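In this note's numbering, the protein residues as written are 182 to 504. C-beta atoms are modelled at their ideal positions from N, C-alpha and C, and glycine is treated no differently. All values derive from a computational prediction rather than experimental measurement. Structure record follows, encoded as structure tokens.
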Ligand SMILES: [Zn+2]
């Protein structure tokens, strides 16, 4: 596409997005009750329980974590894309561990299936057991994994317009191997994937209680859409952590599985909180999570996805124009 036409289609897409932002998004929150902590906390305690042994990639505890997610999906009637929920992923074998893990992948068909797709993601793995200490990874990233289960429940009950893929990635903590494998061989043609919304560490508020949205510096056409629902969030939401900062670690562009989508030109929004003292420590436990804060974040994630959904065609067009 030549630069002039490219500019025009980008401008048109931005206009469509901006006018939606003004018109329709303000009523989204009023339409439904927020997600209750009851839909989150029992699952968070289950997935971040010592019996999951820190969900290390390729470990028996990791397999138990995946089985738990699969059981929950079956119980709510959310189906895999092919025959199986678990898609094998090769991982780096550690002593006593297998060299094969898996992504857990499911889809909720939209009211108008077959068009652009939104991929909602989190990672189910964490650090496992190190020096006989279990790293439960409640915030990182049982919180995102359980958020996806709660969102699946909501979107099953009240489907979106577009198909939504739910992906629980393997081995994020050891090189984002699961999301890289997904991006290399996605379960639907890659051209259909309009957007990735990635949740990683969404339950702790020690870092100031702010939920960050990263990605709009790279994909500015997403900002008016997200901005339109920010005022309806019960927790403060800020945009950033997607450009060079004072420290290299301030830029989260490549810090979680959304990087695997960004790398292949799929726009992303990443939702997460600031690092906290229990980040990658044995103390990242479910009992440190404030249920009300966590539920507010997941409720906002639902609002955000429901605001993005009717505009996914425009997002997809903007994505194509920027490639
Ligand atoms: Zn993580």
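Residue 437 Cβ short of 8 Å to ligand 1 heavy atom set: Here residue 437 refers to the residue found at position 256 of the chain shown. If you check the C-beta of residue 437 against ligand 1, you find a heavy atom less than 8 Å away.
C-beta atoms of residue 291 and residue 343 nearer than 9 Å: One-based indexing of the chain shown puts residue 291 at position 110. One-based indexing of the chain shown puts residue 343 at position 162. Yes; because the gap between Cβ atoms is below 9 Å, this pair is in contact.
Contact check, residue 484 vs residue 410, beta carbons under 9 Å: Your numbering for residue 484 matches position 303 in the chain shown. Your numbering for residue 410 matches position 229 in the chain shown. Closer than 9 Å, so yes.
9 Å Cβ cutoff met for residue 213 and residue 238: Sequence index remark: in the chain shown, residue 213 carries index 32 (1-based). Sequence index remark: in the chain shown, residue 238 carries index 57 (1-based). In this structure, residue 213 sits away from residue 238, with a CB-CB distance that is not shorter than 9 Å.
Closer than 8 Å: residue 264 CB and nearest ligand 1 heavy atom: On the chain shown, residue 264 is found 83 positions in, with the first residue counted as 1. Not under cutoff, so the answer is no.
Per DSSP, cross-strand counterpart(s) of residue 288: By 1-based counting over the chain shown, the position of residue 288 is 107. Residue 288 is bridged to 260, 346.
Strand pairing of residue 453, partner residues [DSSP]: What you label residue 453 is simply residue 272 of the chain shown in a count that begins at 1. In DSSP, residue 453 forms a bridge with 393.
DSSP state of residue 525 mapped onto helix, strand, coil: Residue 525 is absent from the structure shown; the chain starts at 182 and stops at 504.
Selected residue, minimal CA-CA separation from residue 335, among 464, 491, 227, 482: If you number the chain shown from 1, residue 335 lands on position 154. That would be 482, whose Cα lies nearest to the Cα of residue 335.
Short Cβ contact (9 Å threshold) for residue 303 with residue 465: In the chain shown, counting from the first residue as 1, residue 303 sits at position 122. In the chain shown, counting from the first residue as 1, residue 465 sits at position 284. No, these two residues do not count as a Cβ contact at 9 Å.
Residues near residue 262 in its chain [Cβ-Cβ closer than 8 Å; skip 5 each side]: Translated into the one-based positions of the chain shown, residue 262 becomes position 81. Listed in chain order, the non-local C-beta contacts of residue 262 below 8 Å within the same chain comprise 286, 287, 288, 346, 368, 369, local neighbours out to five positions each way being set aside.
Coil, strand or helix - residue 422 by DSSP: Translated into positions along the chain shown, residue 422 becomes position 241. Looking at residue 422 - three-state DSSP - the assignment turns out to be coil, as it is neither helix nor strand.
Residue 414 beta carbon less than 9 Å from that of residue 380: To locate residue 380, count along the chain shown from 1; it is residue 199. To locate residue 414, count along the chain shown from 1; it is residue 233. Not closer than 9 Å, so no.
Which of helix, strand or coil DSSP assigns to residue 212: Taking the chain shown and counting its residues from 1, the one referred to as residue 212 is at position 31. Secondary structure at residue 212: helix, using DSSP grouped into helix, strand and coil.
The beta strand (DSSP E) enclosing residue 269, as first and last residue numbers: The count along the chain shown starts at 1 and reaches residue 269 at position 88. First-last of the beta strand (DSSP E) with residue 269: 267 to 271.
Proximal residues to residue 257 (C-beta, below 6 Å), its chain only, five neighbours per side dropped: Translated into the one-based positions of the chain shown, residue 257 becomes position 76. Within the same chain, residue 257 has close Cβ partners 334, 337.
Contiguous beta strand (DSSP E) assignments of at least 3 residues, all confined to the stretch 314 to 379: As far as the stretch 314 to 379 is concerned, its whole beta strand (DSSP E) runs of at least 3 residues are 314 to 316, 345 to 350.
Local Cβ density within 10 Å of residue 487, reported as buried at 16 or more and exposed below that: Indexing the chain shown from 1 puts residue 487 at position 306. Burial call: buried.
Check whether residue 550 and residue 305 have beta carbons under 9 Å apart: Beyond the ends of the chain as shown, which are 182 and 504, falls residue 550; an answer cannot be given.
Assigned secondary structure, residue 307 (DSSP; H/G/I helix, E/B strand, else coil): By one-based count along the chain shown, residue 307 stands at place 126. Residue 307: strand per DSSP, three-state reduction.
Cβ contact (3+ pairs, closer than 8 Å) linking the stretch 277 to 284 and the stretch 237 to 256: Per the Cβ contact rule, the stretch 277 to 284 is in contact with the stretch 237 to 256 (3 or more Cβ pairs under 8 Å).
Contact check, residue 373 vs residue 298, beta carbons under 9 Å: In the chain shown, residue 373 corresponds to position 192, counting from 1. In the chain shown, residue 298 corresponds to position 117, counting from 1. When the beta-carbon positions are compared, residue 373 and residue 298 come within less than 9 Å of each other.
C-beta contact flag for residue 435 and residue 424 at 9 Å: Numbered from its first residue, the chain shown carries residue 435 at position 254. Numbered from its first residue, the chain shown carries residue 424 at position 243. No, these two residues do not count as a Cβ contact at 9 Å.
Buried or exposed (CB count within 10 angstroms, at least 16 for buried), residue 317: The sequence position of residue 317 within the chain shown is 136, counting from 1. So residue 317 ends up on the buried side.
Residue environment, residue 312, which counts as buried when at least 16 other CB atoms sit within 10 Å: Sequence index remark: in the chain shown, residue 312 carries index 131 (1-based). The residue is exposed, with fewer than 16 neighbouring Cβ atoms inside 10 Å.
Between the CA atoms of residue 445 and residue 230 - distance to the nearest angstrom: As a first step, residue 230 must be located in the chain shown, where it is residue number 49. As a first step, residue 445 must be located in the chain shown, where it is residue number 264. One Cα belongs to residue 230, the other to residue 445, and the distance between them is close to 35 Å.
7 Å CB neighbourhood of residue 228 in its chain, flanking five on each side removed: Within the chain shown, numbered from 1, the residue matching residue 228 stands at position 47. Close CB contacts of residue 228 within its chain, under the 7 Å cut and outside five residues either way in sequence, are with 246, 249, 323, 326, 327 (chain order).
Reference residue 282, options 244, 254, 308, closest by Cα: Mapped onto the chain shown, residue 282 falls at position 101. For residue 282, the closest C-alpha among the options 244, 254, 308 is that of 244.
Other residues of its chain near residue 310: CB distance less than 6 Å, five sequence neighbours each side excluded: The residue you call residue 310 lines up with position 129 of the chain shown. Beyond the five residues adjoining it in sequence on each side, residue 310 comes within less than 6 Å, by CB distance, of 234, 235 in the same chain, given in chain order.
Lining residues of ligand 1 - beta-carbon closer than 5 Å to any non-hydrogen atom, in sequence order: Qualifying residues come out as 321, 322, 381.
Sequence-distant residues of the same chain with beta carbon closer than 6 Å to residue 385, five excluded per side: Along the chain shown, read from residue 1 onward, the residue named residue 385 stands at position 204. Residues of the same chain with a CB within less than 6 Å of the CB of residue 385, apart from the 5 flanking positions on each side, are 320, 454, 457 in chain order.
Straight-line gap, residue 364 to residue 441 (C-alpha atoms, nearest Å): Taking the chain shown and counting its residues from 1, the one referred to as residue 364 is at position 183. Taking the chain shown and counting its residues from 1, the one referred to as residue 441 is at position 260. If you take the alpha carbons of residue 364 and residue 441, they lie about 6 Å apart.
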